[in-house]
Each structure stands twice: as C-alpha cells, then as structure tokens.
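**Student:** Let me give you the structure first, and then I'll get to my questions.
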Amino acid sequence: MKRLFVILSITCIGFFNLNAISGSSHDDKTKRGDDKKNKTKKDDTTKFVVNNENIIEGDDETADTTQILFPSHDLYATWDTVWAHPYNFTESFKTDSVIIQLTNEGDGGFVMPFKGGKTSVFGWRRYRPHYGTDIDLETGDQVVSAFDGMVRLAKYCQGYGNCVIIRHNNGLETVYGHLSKILVEPGQSLAAGALIGLGGNTGRSRGSHLHFEFRYLGQALDTEDFIDYDKGTLKDYCFTLRKADVENKYDLRALHTRHRKDIGYARSNAKGAKYAGPGAKNGIYYVRNGDNLGKIAKRNHTTIKALCKKNKLKETTVLRIGQKIKI
Ligand SMILES: [Zn+2]
508 MKRLFVILSI TCIGFFNLNA ISGSSHDDKT KRGDDKKNKT KKDDTTKFVV
558 NNENIIEGDD ETADTTQILF PSHDLYATWD TVWAHPYNFT ESFKTDSVII
608 QLTNEGDGGF VMPFKGGKTS VFGWRRYRPH YGTDIDLETG DQVVSAFDGM
658 VRLAKYCQGY GNCVIIRHNN GLETVYGHLS KILVEPGQSL AAGALIGLGG
708 NTGRSRGSHL HFEFRYLGQA LDTEDFIDYD KGTLKDYCFT LRKADVENKY
758 DLRALHTRHR KDIGYARSNA KGAKYAGPGA KNGIYYVRNG DNLGKIAKRN
808 HTTIKALCKK NKLKETTVLR IGQKIKI
C-alpha cells in the first residue's frame, strides 16, 4: 500500500489513498495495479485542484473539510485531475444501498449530452467490458454536460481518447469520451447543458461517437437505468443503488469471470461439453444425471413410445448417464 501525502495550501487535510490508481481506459482498468506503466507517474499526481486554499487557515490537524469546495467531498477523499478512476468501490461503498438524488429543485436538471442514436450499450463485449453507452454523432458536434457539476478531469486518456469527467453534487461522475476537442478544464463549474467539448473519434474508437458513462465511487453503472434515450429524459428523479445490483449487474468483469467458471463447472461435471447442452443436438440426446424417458421426451417434445421405438428400448429400461438417445 502506498500513500501519498497531499498538502493543500499550508494545511494537511488528510491522506489520499492512491493504491487503487487505475489506468484511464474506459475498459476495466479500475483494478489495483492494472496499469504498471502509470506507477512511474504516480509521483507526478500533483495536479489536485486546490479550491480551498483561501479558506482553510492555520495548521491544525483537524481541518474543517466541510469547507472544501469540490462536489461531493463528503463521499470522495480525493480530487484527482490525472487519473480517470482512482477509487476502490468495494472499499468505499459501506452500505447495502444508497439513494442518489439526480435532480433537485433549483438545479439545472438533466440534459442529454448529445441527442443521437445509441450505437452500443453497457455490457460485456467479446473481449472486454463496455462500461458506457455509445451515442452516435459526427466529429465536431457539440457535447454538453448532463448535470450541473465541476470538471474533475479534462485530458487525453488511453482508451477514452480526449476525455472529460465531471463530478456532481450527488456523488455521481459522468464521463465523456472520444472527443475531438476538449473545451473545459479541471476545476471549472458547469451548469447542465454547458458545452464541454466536440464529439470525435479519439482513443479506442471506431467511427465518431460519444462514449458516455455514469460512475459512482468509480463503479460504472448502466446509463440506461437512469435515462430514457428515446425521450432524452431521466426515468426518475432519484436512483437507488444497491450493492446487490453492482454484484449482479454492473461489475462486468466479476460477472464475466463468474460466468466462465459456471460454464467450466457444467462441462467438467458432465464429463465433456457434449453432455452439457439442455436438449438434443443433431438428433442425439445424451442422458444426464436424473433423466428418465419421460423427462427426455418432454424436453424434446416427443413421447416415451416414440423414443422406445426409435432406440429399441423398453419403457422400463434403466438409462446410463451419457447414453445416446435418438430423438
Ligand atoms: Zn463506448
């Protein structure tokens, strides 16, 4: 574990635990130590935006952190303008659920960052997780902030290309990737709908589009659980984030690993992949544990009589696991 002691102005306001520093690709690089190359740059992580330098006075160890001006400072200890996702969700998310208020009376509400068709959704792609929603646009189209907030990061990141990340008061962060041009800088306060950059095709991208993410404590969430893309509006004013949903729905890499393990288990349990299928393949069914002629007939939409005739069996014949049955 490596800690970086960050001094803001004269006053120390605490430790910034950077052991979860990740790469900035929009693929899953949120795991510890994934990006070894970045480690050498760790000591350069000094571009913390010091919004509070004029507020905190003295050198007492219990500085009034409520005076820190970056959004959602009660939730996040860090304000990092270099790394896209320097958080560890599982360590930070201590409760079973949290209600995230998306808009409040008096704020700017929600604005679609760009009104275009969806071209790719949240989920596992063939080789890697896709943590955002892709929105079709032409290079040069204007991309705007989805909510009121403050720019935390505005730079080129591997994977994302030219990228803007905005922190919001409710703890959410929105990510805008593949921009051709960035028009904001870290520390800048924005209203919902404010221009942040121009759409493009930078980073890991095939064709111009906006890669748009919602993150909470670094954990990517499916924007479609928040946004009705057909209407261009929020589905609700608040959102309940449950730990169970993260485990079963949003943690794509863990889900993928679990899925692969399940498949491996089914295969080894059935002594070969050909026994693992639910029904017949090429007219042949392989008998599985617990099968009888009645079950096999039902599963394959036929009758016991027909099976007996085709396979020269009696209705009372005891089946062996792995035995071939013509359907
Ligand atoms: Zn994308």
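According to the working numbering, the sequence shown holds residues 508 to 834 in order. Note that CB positions come from ideal geometry on N, CA and C, so glycine has one too.
F733: which of F617, P578 and G707 sits nearest, CA to CA?
**Tutor:** Closest by alpha carbon: F617.
**Student:** Between G639 and ligand 1, is there a pair consisting of the residue's CB and a ligand heavy atom that are separated by less than 7 angstroms?
**Tutor:** For ligand 1, at least one heavy atom lies less than 7 angstroms from the Cβ of G639.
**Student:** Would DSSP call H718 helix, strand or coil?
**Tutor:** Strand, per DSSP.
**Student:** Consult DSSP for T597 and reduce its assignment to one of helix, strand or coil.
**Tutor:** T597: helix per DSSP, three-state reduction.
**Student:** Residues bridged to Y744 by DSSP?
**Tutor:** Paired residues: none, contrary to the question.
**Student:** If you draw a straight line from the C-alpha of T709 to the C-alpha of L582, how long is it?
**Tutor:** One C-alpha to the other measures close to 31 angstroms.
**Student:** Here's the rule I'm using: 16 or more other beta-carbon atoms within 10 Å means buried, otherwise exposed. How should R827 be labelled?
**Tutor:** With fewer than 16 other Cβ atoms within 10 Å, it is exposed.
**Student:** Distance, Cα to Cα, L644 vs L717?
**Tutor:** C-alpha separation (whole angstroms): 7 angstroms.
**Student:** Confirm the yes/no value for this check: CB of S627, any heavy atom of ligand 1, distance under 7 angstroms.
**Tutor:** True, at least one ligand heavy atom lies under 7 angstroms from that Cβ.
**Student:** Three-state secondary structure (DSSP) at N669?
**Tutor:** N669 falls in the strand class under three-state DSSP.
**Student:** With a CB to CB cut of under 6 angstroms and the five nearest residues on each side skipped, what residues in its chain are close to M619?
**Tutor:** Hits under 6 angstroms: G739.
**Student:** Considering only heavy atoms of ligand 1, does any lie closer than 7 angstroms to the CB of H718?
**Tutor:** Yes, the Cβ of H718 comes within 7 angstroms of a heavy atom of ligand 1.
**Student:** DSSP puts G704 in a beta bridge; with which residues?
**Tutor:** Answer is V650 and I689.
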